[in-house]
Each structure stands twice: as structure tokens, then as C-alpha cells.
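Here the structure is laid out as C-alpha cells; the discussion comes afterwards.
Numbering (my numbering), first residue to last: 202 to 651.
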């Protein structure tokens with residue numbers, strides 16, 4: 202099944218471009234470390250998923266590009282075309298001359314309704330090119346106006362127009378120190394609206410990716426492109442083809458559906474986080490060796506200690522002892538309780554990896570058995586030059602602190618009515634803010650009592 206990617210705003214378009222680049226390089230790279238037949242079926246599954254193949258032409262990304270300013274989209278289109286290995290469809294983009302001014306209400310209440318027909322026509326055309334549509338993957342930032350406001354509006358339109366398709370929203374969480382003065386308002390409004398229409402929200406935090414660039418990738422002057430490349434690598438490690446069943450002989454045909462079935466057992470819990478191991482500069486790979494037991498041990502501790510990368514993990518954090526009366530009261534401090542986890546293994550000897558440590562009932566909430574809460578996908582095909590690599594997609598308490606912080610900061614501004622007039626002039630009233638705060642307080646409460 203095919204995924205239609207909807208790239209929204211500057212951030213969404215730049216990350217989408219990096220993602221298609223990563224996927225294309227991975228498929229055409231010679232580092233598959235597997236049989237020719239295996240490589241061909243991987244190649245075919247990836248192409249069906251992400252690209253339309255035109256006769257004797259380079260693959261065309263299954264994507265719709267949307268921004269309220271033309272600059273980023275024109276750059277993205279031309280850089281992709283110049284790569285020679287893939288391109289965007291020249292007719293699958295929509296842009297205007299004026300942006301949303303970092304105002305969520307402008308994107309949601311003005312640009313959204315005004316351009317709904319044009320944007321949804323592009324989406325419809327892209328969907329009709331798929332033999333079988335698996336769903337939509339939207340990429341957007343929460344801090345600005347177009348990605349967040351227009352992104353939330355477009356997600357609602359997708360839900361109305363394609364009620365049975367899966368929708369996964371990929372969200373970039375803004376830097377804690379701030380990019381935009383009203384980013385916390387924009388974030389609260391975005392999250393509360395997406396929670397109503399999306400099947401799941403896959404979150405990357407800018408602060409975390411920045412740290413990975415500095416500490417693991419050894420980048421001295423970190424640019425947005427460096428950050429986006431790390432994000433694209435992590436996304437590729439999840440969305441490239443894998444075998445979802447033990448001993449399965451066919452690559453998964455329904456990537457978004459499989460992801461939702463595995464990780465979102467209840468509509469109250471939709472927040473997904475992503476961790477990768479190992480991560481290092483490309484020129485280090487030739488000098489590095491990894492063992493599966495070592496990688497799995499680190500990945501499990503990253504999960505339970507809520508560490509976002511393999512450096513600086515707190516090894517003192519332990520799961521609660523079995524038989525403790527109440528899970529949430531006797532929980533060790535800093536322990537990250539999970540609802541569901543998915544481990545994706547790629548490369549050499551994946552069939553022999555022991556994942557028993559992820560089936561420990563004390564890692565999970567009491568209302569799901571480890572059999573239901575944990576899944577593993579594998580493929581002998583290596584990803585992006587890594588001989589062995591593992592990704593962990595987790596529905597857990599990982600986002601509680603950042604979410605609580607964003608809601609708290611937004612509430613403090615709202616209590617003094619700071620900047621609220623900027624939103625009311627575009628039709629977002631104080632009651633809309635209050636509804637959004639209430640919805641997110643409920644999400645925080647649900648994750649807290651796991």
C-alpha cells in the first residue's frame with residue numbers, strides 16, 4: 202500500500218525533502234548486505250510505498266507540498282529535480298505569496314478555509330494515483346503559523362474526505378528556549394485539534410535532535426539541515442519495508458495500519474516517540490562494530506530511563522518490582538511506563554536477536570499483556586550503511602514533561618491575556634483556548650496515571 206505524504210509549511214517541506222532523499226539513497230545504495238532477491242523485494246516494496254514509477258523516468262514522490270510562501274517550495278522542487286534520483290510532481294504543490302505570520306489562527310481560520318478546495322484537490326489527485334492507498338503522513342512544525350494552523354485544518358479535512366484511511370501526523374516540537382513568542386499557544390492549539398482527527402502523533406523534539414547532532418554526530422556548527430537529516434534518518438528507519446510477522450515471507454503492505462495496530466490500542470493515547478541506535482557520522486561506520494545484545498541492552502535502558510540517545514543514559518533507573526500494589530504510587534522515580542512498544546531490527550543476524558527483555562510485564566501498564574503491548578519487526582536488509590541498526594517506536598510517558606511545560610507556559614500567558622487579541626481577530630475565541638487547555642490536561646492526566 203502507498204503512503205501519501207503531505208508536507209506543510211517551511212519545516213514540513215524541508216523534512217519531507219530530506220526523508221525522500223534518505224529513502225532513495227537507502228534503496229539505491231549497495232550496502233544491503235543481503236541476497237539479490239531480498240534486495241529486489243525491498244526495493245519494490247519501498248517504491249510502491251513512497252514513489253510513483255513513470256516509464257523510463259526517475260521516481261516521483263507521492264507527496265503534496267503546501268506553504269503560504271513560495272520560497273521554500275521552489276527550492277525544494279529544484280533541489281529534488283537536480284538530484285537525478287527522484288523528483289516531485291511539478292503539479293503537486295500549493296503556495297501563496299504571504300505567510301501566516303507565526304499565527305495559528307491565521308493558518309487555521311483564514312488560509313485553511315480559503316484554500317481548502319485547491320489543497321484537497323491536489324491530495325485527491327495524489328491519492329487516486331495509488332493502486333491501494335494506505336493512508337496519509339503529514340509533516341509539520343508546531344511553533345509557526347502555516348505548519349501548525351493550516352496543518353491542523355488540513356488534517357481535519359483529510360479525516361472528513363478519507364474517513365477510513367490512516368492519518369499519522371509527524372510533529373516537530375519547538376525548542377524549549379523559544380523560536381516564536383507565541384509558540385506555546387500555537388503548540389497547544391495544534392495538539393488539541395490533531396488529537397481529535399489524527400490516528401497518532403509521532404513527535405520529534407528539536408532540543409533532543411540538536412543534542413544528537415552535537416554529541417553523537419560531532420557537528421560543530423549545527424544547521425537546520427543537520428537537524429532535518431537526523432530526523433529523516435530516524436523516520437526512514439521506521440518506514441522502510443520490514444517483515445512484521447515472525448518468519449513472514451512478504452514485506453508489510455500496510456505500514457501505517459500496522460503501526461497503529463501495534464502502538465495505539467486506545468484513542469486517549471496517541472503520542473509516539475522514536476529512538477534510534479546506533480547513530481554516528483558516516484565516516485565512523487567503517488571503524489565501528491556492534492553486537493545485538495549490546496544494542497538491545499542500551500535500547501531497553503533508553504526506554505525505561507526515557508533517554509533520547511545512547512549517551513548519558515541513567516543506568517540506575519529500574520522497573521518497579523513485580524507484585525507492588527499500585528503501579529503509579531510505587532513506581533521508581535524517572536521510570537518511563539509504556540503502553541506499547543515496537544522494536545525494528547535491520548541488518549545482519551536479526552533473526553537470532555533475543556528481545557525477551559522487552560517482554561517484561563513491569564515495563565507496561567497493567568491493562569495490556571506484554572504479548573499485546575510488544576511487537577518486533579525485522580529485515581536482513583541493512584539500512585543506510587549501518588550493518589546493524591535498531592529503532593524503537595514507543596507509546597509511553599516520554600512526552601509528559603515537555604507537554605506539561607508547554608501547557609503551563611501557555612496558560613501563564615493566557616491568564617494575563619498576552620497576545621490573545623492576535624488570535625481573536627482571526628476568529629479564535631477565548632473559549633477555543635479553554636477547550637484546548639482542557640483537552641490537553643486530560644491527555645496529561647491519562648498518561649500520568651499509567
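Don't be surprised by glycine CBs; every beta carbon is placed ideally from N, CA and C.
Predicted model, so just to flag it, every value in this text is computed and none were measured.
| Item | Value |
| --- | --- |
| Rounded separation between residue 344 and residue 239 - CA only | 42 Å |
| Per-residue burial, residue 535 [other beta carbons within 10 Å of its own, 16 or more giving buried] | exposed |
| Residue 218 burial status per 10 Å Cβ neighbour count (16 or more: buried) | buried |
| Cβ distance (whole Å) where residue 312 is taken to contact residue 266 below 8 Å | Contact doesn't hold; Cβ gap of about 15 Å is too wide. |
| Distance CB(residue 589)-CB(residue 510) smaller than 9 Å | no |
| CB contact flag (residue 223, residue 263, <9 Å) | no |
| Pair within 9 Å by beta-carbon distance, residue 309 and residue 627 | yes |
| Within the stretch 543-597, ranges of the alpha helix (DSSP H) (whole runs, at least 4 residues) | 571-574 |
| Residue closest to residue 361, alpha-carbon to alpha-carbon, out of 639, 337 and 347 | 337 |
| Of the residues 567, 538, 539 and 578, the one placed nearest residue 555, counting alpha carbons only | 578 |
| Residues near residue 408 in its chain [Cβ-Cβ closer than 6 Å; skip 5 each side] | 376 and 377 |
| For residue 296 and residue 271, believed in contact at Cβ under 8 Å, the rounded distance | 5 Å |
| Inter-residue Cα distance where the pair is residue 431 and residue 416 | 13 Å |
| Helix, strand or coil at residue 381 according to DSSP, with G and I counted as helix | coil |
| Where the alpha helix (DSSP H) through residue 245 begins and ends | 237-251 |
| For residue 478, the nearest candidate out of 466, 462, 326 and 503 (CA to CA) | 503 |
| Unbroken beta strand (DSSP E) run spanning residue 175, endpoints | Any answer about residue 175 is impossible in this case: the structure gives the chain only from 202 up to 651. |
| Nonlocal neighbours in the same chain, by C-beta distance under 8 Å from residue 527, ignoring five residues either side | Confidence in residue 527 is poor, its pLDDT being 49 and thus under 50, which makes the residue's placement too unreliable to answer from. |
| Environment of residue 251 [buried if 16+ CB atoms lie within 10 Å] | buried |
| Which listed residue (317, 202, 287 and 644) has its alpha carbon closest to that of residue 469 | 644 |
| Three-way DSSP call (helix, strand, coil) for residue 650 in this model | coil |
| Counterpart residues of residue 374 in DSSP-defined beta bridges | 406 |
| Straight-line Cα distance separating residue 277 from residue 283 | 10 Å |
| Given 8 Å, three or more beta-carbon pairs between the stretch 604-617 and the stretch 564-573 | no |
| Cα-Cα separation, residue 474 to residue 457 | 15 Å |
| Residue ranges of each alpha helix (DSSP H) within the stretch 420-495, 4 or longer | 425-440 and 456-464 |
| DSSP-derived helix/strand/coil call for residue 206 | strand |
| Within 9 Å, strictly: CB atoms of residue 404 and residue 207 | no |
| Counterpart residues of residue 369 in DSSP-defined beta bridges | 338 and 401 |
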